[in-house]
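So the sequence shown is numbered by the working numbering: it starts at 3 and just counts up by one. Notes follow the structure.
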Amino acid sequence: MQTVLEQQNSRSFVDRRAGLEAGREAGPERRQFSASVSATRPEIAELAEAVDQYKLRHRRRFITFEELYDVMAELGYRKS
Numbered sequence: 003m004q005t006v007l008e009q010q011n012s013r014s015f016v017d018r019r020a021g022l023e024a025g026r027e028a029g030p031e032r033r034q035f036s037a038s039v040s041a042t043r044p045e046i047a048e049l050a051e052a053v054d055q056y057k058l059r060h061r062r063r064f065i066t067f068e069e070l071y072d073v074m075a076e077l078g079y080r081k082s
């Protein structure tokens, strides 16, 4: 008689990262922030694009608040 752990380990592994399903188009990466923003203000679109570029440059999916501040400072935002 197999234990629960042995039963779970005997199941076949499905690698969902292997490729796209047939007939499915590739969309933007999930990490992209600007893809989820419908900005009506250009400064918001600029910030979203800068965040995406930072993530791509540094190979990060998520960024910290400190990194977000750095992106904003690079764009010229300063606390008054």
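Where is the CB? At the ideal position from N, CA and C, for every residue including glycine.
Figure out for me which residue from V73, Y79, E68, R80 has the closest Cα to the Cα of E51. If we check each option's Cα against that of E51, V73 comes out closest.
Among L58, R80, K81, V53, whose alpha-carbon lies nearest the alpha-carbon of E69? Residue V53 is the option with its Cα nearest to E69.
Here's the rule I'm using: 16 or more other beta-carbon atoms within 10 Å means buried, otherwise exposed. How should L58 be labelled? Only exposed fits L58, as fewer than 16 other CB atoms lie within 10 angstroms of its CB.
How should L77 be labelled, buried or exposed, when 16 other C-beta atoms within 10 angstroms of its C-beta is the threshold for buried? Result: exposed.
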